[in-house]
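This report concerns only the one structure given below.
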Amino acid sequence: MPGERYFAVRDRLSELLGWIGDLTHEVALEAEPEHPQPVLTQPVLIAAIGEINAGKSSLLNALVGEELCEVSSLPHTSEVRLYRHGEHADNQVQPLLYECRRSLDYLRNFDLLDTPGTNAKYEGHREIAEPFLEHADLVLVVFTAENPWTASTWDAVSKLSPEALSRTALVVQRIDLKQNQDIPIILGHMRDLSLKRTGVVLPIFPVAARLGYEVKRSESPDPKQWAASRLSDLEHFISERICESYDRRQVLHDAWHHAARTIRRLDQKFDTQRRGMDDDSWFLSGIEREMDEQRDAALEAAPNALAEVMERYRAEVDAVVRLLKQRLSWWRSLTRLFTGDASAAEIESSFAARMQETAIGFGRDDAGRLVDACAAHWETVRPRVVERMGFEPGPCAVAGEARESVVAKFVARLEKAVPRALAGLRLRGVLDPQLRRRNSLLKGLV
96 MPGERYFAVR DRLSELLGWI GDLTHEVALE AEPEHPQPVL TQPVLIAAIG EINAGKSSLL
156 NALVGEELCE VSSLPHTSEV RLYRHGEHAD NQVQPLLYEC RRSLDYLRNF DLLDTPGTNA
216 KYEGHREIAE PFLEHADLVL VVFTAENPWT ASTWDAVSKL SPEALSRTAL VVQRIDLKQN
276 QDIPIILGHM RDLSLKRTGV VLPIFPVAAR LGYEVKRSES PDPKQWAASR LSDLEHFISE
336 RICESYDRRQ VLHDAWHHAA RTIRRLDQKF DTQRRGMDDD SWFLSGIERE MDEQRDAALE
396 AAPNALAEVM ERYRAEVDAV VRLLKQRLSW WRSLTRLFTG DASAAEIESS FAARMQETAI
456 GFGRDDAGRL VDACAAHWET VRPRVVERMG FEPGPCAVAG EARESVVAKF VARLEKAVPR
516 ALAGLRLRGV LDPQLRRRNS LLKGLV
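Take 96 as the starting number for the sequence shown in the working numbering and just add one per residue.
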């Protein structure tokens, strides 16, 4: 395919711009107002003009290697037809202009314009084709080797603007119908006419489009037939014109600079975000330091709270001692000699129940105090987060209705831990042997 080098660079740039575009969208970077990608992906436009039956459609078919345009010995093209890539469809854009979609790979990179003959009797198609000719990447003016000096075609060439002429080449079709010695003579006449009618000698390419088309369609191409078609010279010229085109190179240049500018803007945004993240990290570290101070303050207050617990513990121990003294009175001692002595179990059970109640009450108060301290600290953190980081973190997760749930979970865990802690005191194990020994002595006396 002609222009492969250009299209390879274009596709790489287009892919790069796509990646950059996705990244800018992901990071919410505002896009530049003029994005070169739509221009970058615009196909190369090749237009063919010439007299009726000059071989324009055959030439386009040979370039594509597929039957794109209908070919017949009778005038067939009666309107301007623009062939583009897409699902098969022929849509009338305006009178005498059809946009023809075909799913051919060649048309992914090329738009092809087929025109009625320059000597067509009906009018209007010249006005339709003129804007395309002025903006085409390449205009191919097709002559027949039998009659390369047709006035209507040369008139059409002479009406092209200097800019369009700079992108124009002359194609002499059906050279396979001429003797080899005739071709240099025909080309010499063409150069003279070109200089006379346009003031410059335009590039001239003698081709046999039918032979080139047959070679491309053949399963076993014949190199001699391909050389005889001389289509490779025209395709090489098209490639060079595409790759060396100032407009096309400018498109690549603009796309590259757009990519570079966007990458610099992304780098600046990332640098700003990095500095913001560093500032946010310092801000969050400050909050963590405040939390550490809160925790240290809670630990410093722990001895006072534990002193209160110890006071309650001593009070319960004193109560156990009083209960034990009551149990050890002479009358009760003699009674239990006959009824059995369960004093150790009763004392331990009473002590455990009272300590469980004391521990749970203390735990509920202490958990509530810590939760309230966390909620109060969060209310100082919340507005600072909004001001510094720009988002609303929401209310404290342990405040309001959730407070009682958090305290209840703490108390539930404490309820399970207290019996295990009291079991470690082995109160019953200490009292039982002493009471049995005392009861044995009393039985001996009795």
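The beta-carbon is built from N, C-alpha and C at its ideal position, and this holds for glycine as well.
Since the structure is predicted, the reported quantities are computational estimates derived from the model, not experimental observations.
- Residue 176 and residue 110 have their C-alpha atoms some 31 Å from each other.
- Residue 285 counts as buried, since no fewer than 16 other beta carbons sit within 10 angstroms of its beta carbon.
- The beta carbon of residue 296 lies closer than 8 Å to those of 286, 289, 290 in the same chain, with the five residues before and after it left out.
- Judged by DSSP in its simplified three-state form, residue 359 adopts helix.
- In this structure, residue 139 sits near residue 204, with a CB-CB distance shorter than 8 Å.
- Under the criterion of beta carbons closer than 8 Å, residue 463 and residue 502 qualify as touching, at roughly 5 Å.
- A contact between stretches requires three or more CB pairs, one per stretch, nearer than 8 Å, and the segment 351-368 fails this requirement with the segment 324-343.
- With a threshold of 16 other beta carbon atoms within 10 Å, residue 261 falls short and is exposed.
- The segment 219-232 makes contact with the segment 141-161: 3 or more CB pairs, one atom from each, lie closer than 8 Å.
- The Cβ atoms of residue 154 and residue 266 sit closer than 8 Å to each other.
- Of the residues 453, 375, 387, the one whose Cα lies closest to the Cα of residue 410 is 453.
- When secondary structure is reduced to three states using DSSP, residue 457 falls in the helix class.
- Around the beta-carbon of residue 386, fewer than 16 other beta-carbon atoms lie within 10 Å, marking it exposed.
- Of all C-beta pairs linking the segment 460-480 to the segment 489-505, three or more are shorter than 8 Å, placing the two stretches in contact.
- Closest option to residue 198, judged by alpha-carbon separation, among 363, 161, 320: 161.
- Within a 10 Å sphere around the beta-carbon of residue 134 sit fewer than 16 other beta-carbons, which makes this residue exposed.
- A direct Cα-Cα distance of roughly 27 Å separates residue 120 from residue 344.
- Counting the other Cβ atoms within 10 Å of the Cβ of residue 178 gives 16 or more, which makes it buried.
- Residue 183 carries a coil assignment under DSSP once its states are collapsed to helix, strand and coil.
- Judged by DSSP secondary structure, residue 268 falls within the beta strand (DSSP E) whose first and last residues are 263-268.
- Going by DSSP, residue 332 is part of the alpha helix (DSSP H) stretching over 326-339.
- In the structure shown, residue 127 falls within a coil segment according to DSSP collapsed to helix, strand and coil.
- Between the C-alpha atoms of residue 114 and residue 328 there is a straight-line separation of about 37 Å.
- Taken in chain order, the complete alpha helix (DSSP H) segments of 4 residues or longer contained in the segment 208-244 are 220-230.
- In chain order, 265, 267, 282, 285, 286 place their CB closer than 7 Å to the CB of residue 299, counting only its own chain and leaving out the 5 sequence neighbours on each side.
- Annotated three-state conformation of residue 320 is helix, per DSSP.
- As the crow flies, the alpha-carbon of residue 394 is around 10 Å from that of residue 388.
- 8 Å or more divides the Cβ of residue 163 from the Cβ of residue 174.
- Under a 10 Å Cβ-count criterion, residue 365 is classified as exposed, with fewer than 16 other Cβ atoms of the shown protein chains found around its own Cβ.
- Straight-line measurement puts the Cα of residue 271 at about 23 Å from the Cα of residue 249.
- Residues of the same chain with a CB within less than 7 Å of the CB of residue 147, apart from the 5 flanking positions on each side, are 170, 212, 214, 215 in chain order.
- Residues 249, 252, 253 of the same chain have their beta carbon placed closer than 7 Å to that of residue 292, with the five preceding and five following residues left out of the count.
- Bounds of the alpha helix (DSSP H) holding residue 158 are 151-159.
- The three-state reading of DSSP puts residue 194 in strand, counting E and B together.
- Pairing residue 200 with residue 127, the inter-Cα distance amounts to about 32 Å.
- Counted as a single uninterrupted DSSP element, the alpha helix (DSSP H) harbouring residue 278 occupies residues 277-293.
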